[in-house]
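Numbering (mature numbering (1 follows the signal peptide of the UniProt record, and there is no 0)), first residue to last: -28 to -1, 1 to 489. Ideal Cβ positions, reconstructed from N, Cα and C, are used throughout, including at glycine. From a predicted model like this one, the values you see are computed outputs, not experimental measurements.
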């Protein structure tokens, strides 16, 4: 690993980010754009060669931008199939957003397309918006440093998470659709309610919550007092109101941190008594992870690239598409500190190891002693997150309910009762303050991602919160999450579940924005 001073930027992930010291010409303003290539590469996964896709920048997989640097990139498709890349967490002009035919077509093999927009600081990532290609690891970190990052006396470490199968994505999807994907959690085939579009009638046993004051005006006084409390139905062991919750719908061959398993994890050299900013990105197709820092003192300081009030702890979860920034203060004694990513509801795990020079690094088993719990079924973690830069106070112009439905058998997932192609767009006008309510009436969680916008979590199961700024929010089974946003460019923006098999079966719609009057 290349080491720079801690006051500079240290990219500790040679596999995921490439060399720590990217060529300075790539960071200079007014010079040629950065070259990025979608191409094949070969990984060694537990001693077995795997041909996958990747996004290669000047110093390896991924891109790192300096404070104030524009996103000026020439993307070349070096694959033998068409592709398109979405800049997850960024807000480019709609034409550069990277969704097939919304409005730009796929890049043909050998084609180059240019991008130029203002980059938003934080921990972000980029990935193909062809679901089967993301399942082939066509994704990479996109780190945009802030001035505070440059000035801070700390070391940056990236942990980029994947789930992986040696089988072709089409075969994986066929197995999942046929109910032969394995996975953990009871209730396969019985995990959905009979009528996914039904109103909340019949759930009268659930009482409303005491809403209190929000502490900010993101919802503009939106009435929420009649919303039902749903999260309280969840019991231990993945049971909800007598119905079994589906946690995972596929047993992957491997779980990767920076392209490696725990049979050969990345060992990141760190300094005694140093401070680490761990940037965790969940690029998995269909796996939620818990991040455990073990004996290292840690605090969560940002989610989805946006600062939150520091939250101390040693275990934090994140769903697909989400990111966590965790600050870790290492002891002054030398040693090795595993940072583990545990698959929810299962024993599988991956991770990396922080180690001082000369420290003993012990082998870690890829299977934990016990299953990790389901992630945030009661939204307790989300409820503890408070944005440092909340949305400004203003009235709500429009509220929209999105009913999330579906089942394991037949394997179909919907928004407002419809799959993509039969959907009714969610409409808004540019400049409006809009509240979207994600109401999950299925027995599987959904990480909901909105393109082209940042939103603030303002309601959890009917309880108002001054929550985190995000672009991807985890909606547990039988729960409701409200988010507020200020509507941007008049265009068609994608709104979808970031669980790739769910997306593939149609769980997406569009946020159709028209120009203000």
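**Asked** residue 17 bridges to which residues according to DSSP?
**Response** Here residue 17 is taken as the residue at index 45 of the chain shown, counted from 1. Residue 17 is bridged by DSSP to 20.
**Prompt:** Can at least three beta-carbon pairs, one atom from the segment 326 to 339 and one from the segment 423 to 436, be found at a separation below 8 Å?
**Reply:** no
**Request:** Determine the DSSP secondary structure at residue 141, reduced to helix, strand or coil.
**Result:** Counting from 1 along the chain shown, the entry for residue 141 is found at position 169. Residue 141: helix per DSSP, three-state reduction.
**C-beta atoms of residue 229 and residue 133 nearer than 8 Å** = Within the chain shown, the letter at position 257 stands for residue 229. Within the chain shown, the letter at position 161 stands for residue 133. Yes, they are a contact pair.
**Straight-line Cα distance separating residue 43 from residue 4** = Locating residue 4 in the chain shown gives position 32, where the first residue counts as 1. Locating residue 43 in the chain shown gives position 71, where the first residue counts as 1. Cα to Cα, residue 4 sits roughly 12 Å from residue 43.
**Request:** Could you tell me how far apart the beta carbons of residue 97 and residue 61 are, in whole angstroms, since I believe they sit closer than 8 Å?
**Result:** The sequence position of residue 97 within the chain shown is 125, counting from 1. The sequence position of residue 61 within the chain shown is 89, counting from 1. Residue 97 to residue 61, Cβ: 7 Å. Contact.
**Message:** What does DSSP give as the partner residue(s) for residue 228 in the beta ladder?
**Reply:** Along the chain shown, one-based indexing puts residue 228 at 256. By DSSP's assignment, residue 228 forms a beta bridge with 134.
**Alpha carbon of residue 13 to alpha carbon of residue 33, nearest angstrom** = Counting from one through the chain shown, the residue named residue 13 turns up at place 41. Counting from one through the chain shown, the residue named residue 33 turns up at place 61. One C-alpha to the other measures close to 10 Å.
**Item:** Residue range of the unbroken alpha helix (DSSP H) whose run includes residue 476
**Value:** In the chain shown, counting from the first residue as 1, residue 476 sits at position 504. Where residue 476 is concerned, the enclosing alpha helix (DSSP H) stretches over 472 to 476.
**Request:** Whole angstroms is fine: what's the gap from residue 7's alpha carbon to residue 24's?
**Result:** Stepping through the chain shown from its first residue, residue 7 is reached at position 35. Stepping through the chain shown from its first residue, residue 24 is reached at position 52. Residue 7 and residue 24 have their C-alpha atoms some 20 Å from each other.
**Asked** Between residue 454 and residue 276, what straight-line distance do the alpha-carbon atoms span, to the nearest angstrom?
**Response** Position 482 of the chain shown holds residue 454. Position 304 of the chain shown holds residue 276. Near 17 Å, if we compare the C-alpha coordinates of residue 276 and residue 454.
**Request:** Indicate whether residue 413 and residue 376 have their beta-carbon atoms separated by less than 8 Å.
**Result:** The residue given as residue 413 occupies position 441 in the chain shown. The residue given as residue 376 occupies position 404 in the chain shown. Yes, these two residues count as a Cβ contact at 8 Å.
**Request:** Can you have a look at residue 339 and say buried or exposed, based on whether 16 or more other CB atoms are within 10 angstroms of its CB?
**Result:** Taking the first residue of the chain shown as position 1, residue 339 is located at position 367. By the 10 Å Cβ count, residue 339 comes out exposed.
**Request:** Over the uninterrupted alpha helix (DSSP H) stretch that includes residue 489, give me the two end residues.
**Result:** Taking the chain shown and counting its residues from 1, the one referred to as residue 489 is at position 517. Where residue 489 is concerned, there is no enclosing alpha helix (DSSP H), given that its DSSP letter is neither H nor E.
**Request:** Would you give the residue range spanned by the alpha helix (DSSP H) that residue 354 belongs to?
**Result:** Residue mapping note: residue 354 aligns to position 382 of the chain shown, counting from 1. Where residue 354 is concerned, the enclosing alpha helix (DSSP H) stretches over 352 to 355.
**Asked** For residue 254, which three-state DSSP category applies?
**Response** Along the chain shown, one-based indexing puts residue 254 at 282. Residue state, collapsed to three classes: strand.
**Request:** Flag this pair as yes or no: are the beta carbons of residue 11 and residue 29 separated by less than 8 Å?
**Result:** Locating residue 11 in the chain shown gives position 39, where the first residue counts as 1. Locating residue 29 in the chain shown gives position 57, where the first residue counts as 1. No, they are not a contact pair.
**Request:** Per DSSP, which residues does residue 115 bridge with? Please list them.
**Result:** Translated into positions along the chain shown, residue 115 becomes position 143. Paired residue(s): 36 and 95.
**Message:** Please state whether the Cβ-Cβ distance between residue 284 and residue 360 is less than 8 Å.
**Reply:** What you label residue 284 is simply residue 312 of the chain shown in a count that begins at 1. What you label residue 360 is simply residue 388 of the chain shown in a count that begins at 1. Contact: no.
**Request:** Count the other CB atoms, across all protein chains shown, that sit within 10 Å of the CB of residue 210; report buried if there are 16 or more and exposed otherwise.
**Result:** What you label residue 210 is simply residue 238 of the chain shown in a count that begins at 1. The predicted model places residue 210 with a pLDDT of 48, which falls under 50 and marks its position as unreliable; any figure quoted below should be read in that light. Flag for residue 210 reads buried.
**Prompt:** Would DSSP call residue 388 helix, strand or coil?
**Reply:** Numbered from 1 along the chain shown, position 416 holds the residue referred to as residue 388. Residue 388: coil per DSSP, three-state reduction.
**Request:** Would you grab the beta carbon distance between residue 298 and residue 263 for me? Rounded to a whole angstrom, and I think it's under 8 Å.
**Result:** On the chain shown, residue 298 is found 326 positions in, with the first residue counted as 1. On the chain shown, residue 263 is found 291 positions in, with the first residue counted as 1. Contact between residue 298 and residue 263 holds, since their C-beta atoms are separated by about 7 Å, short of 8 Å.
**Neighbourhood of residue 288 by C-beta distance below 6 Å, restricted to the same chain and skipping five residues each side** = As a working mapping, residue 288 is identified with position 316 in the chain shown. Around residue 288: 263, 272 and 296.
**Request:** Report yes if the CB atom of residue 293 is closer than 8 Å to the CB atom of residue 254, and no otherwise.
**Result:** Taking the first residue of the chain shown as 1, we reach residue 293 at position 321. Taking the first residue of the chain shown as 1, we reach residue 254 at position 282. Their beta carbons are under 8 Å apart, which means residue 293 touches residue 254 by this criterion.
**Request:** Figure out for me which residue from 397, 452 and 407 has the closest Cα to the Cα of residue 484.
**Result:** Counting from 1 along the chain shown, the entry for residue 484 is found at position 512. Of 397, 452 and 407, the residue nearest in Cα terms is 397.
**Exposed unless 16 or more other CB atoms sit within 10 angstroms - verdict on residue -6** = Walking along the chain shown from the start, residue -6 turns up at place 23. Note that residue -6 has pLDDT 32, beneath the 50 cutoff, so the model's placement of it is unreliable and no number is given.
**Message:** Within 10 Å of its beta-carbon, does residue 137 have 16 or more other beta-carbons around it, so buried, or fewer, so exposed?
**Reply:** Reading the chain shown from its first residue, position 165 is the one you call residue 137. Buried, because 16 or more other Cβ atoms sit within 10 Å of the Cβ of residue 137.
**Request:** Ignore the nearest five residues each way along the sequence and tell me which others in residue 384's own chain have a CB closer than 8 Å to its CB.
**Result:** Counted from its first residue, the chain shown places residue 384 at position 412. For residue 384, where only same-chain residues beyond five positions count, the Cβ hits under 8 Å are 378, 391, 477 and 478.
**Item:** Every unbroken beta strand (DSSP E) within the segment 243 to 320, with a cutoff of 3 residues, ordered by chain
**Value:** 247 to 254, 261 to 264, 269 to 275, 278 to 284, 287 to 290, 295 to 301 and 308 to 315
**Prompt:** Quick one, are the C-beta atoms of residue 107 and residue 257 less than 8 Å apart?
**Reply:** Residue mapping note: residue 107 aligns to position 135 of the chain shown, counting from 1. Residue mapping note: residue 257 aligns to position 285 of the chain shown, counting from 1. Yes; because the gap between Cβ atoms is below 8 Å, this pair is in contact.
**Buried or exposed by the 16-neighbour rule on C-beta atoms within 10 Å, applied to residue 399** = The residue labelled residue 399 in the question sits at position 427 within the chain shown. Per the 10 Å Cβ criterion, exposed.
**Message:** Let me confirm a value: residue 269 is counted as buried when at least 16 other C-beta atoms fall within 10 Å, else exposed. Which label applies?
**Reply:** In the chain shown, residue 269 corresponds to position 297, counting from 1. Exposed.
**Prompt:** Count the other CB atoms within 10 Å of the CB of residue 304; is the residue buried (16 or more) or exposed (fewer)?
**Reply:** The sequence position of residue 304 within the chain shown is 332, counting from 1. Exposed: under 16 other Cβ atoms inside 10 Å.
**Asked** Got a sec? Which residues, its chain only, sit under 8 Å from residue 214 by beta carbon, not counting five neighbours each side?
**Response** Position 242 of the chain shown, counted from the first residue, corresponds to residue 214. For residue 214, the pLDDT reaches just 48, beneath the cut-off of 50, and the residue's location in the model is therefore unreliable, although a value from the coordinates is still provided. None.
**Request:** Give me the Cβ distance between residue 17 and residue 233, rounded to the nearest whole Å; I'm assuming they're in contact under 8 Å.
**Result:** The residue you call residue 17 lines up with position 45 of the chain shown. The residue you call residue 233 lines up with position 261 of the chain shown. The Cβ separation is near 6 Å, so the contact holds.
**Asked** Do you know how far the Cα of residue 87 is from the Cα of residue -2?
**Response** Taking the first residue of the chain shown as position 1, residue -2 is located at position 27. Taking the first residue of the chain shown as position 1, residue 87 is located at position 115. Per-residue confidence for residue -2 stands at a pLDDT of 40, beneath the threshold of 50, marking its modelled position as unreliable; the derived number appears in the next sentence. Their backbone Cα atoms lie some 15 Å apart in a straight line.
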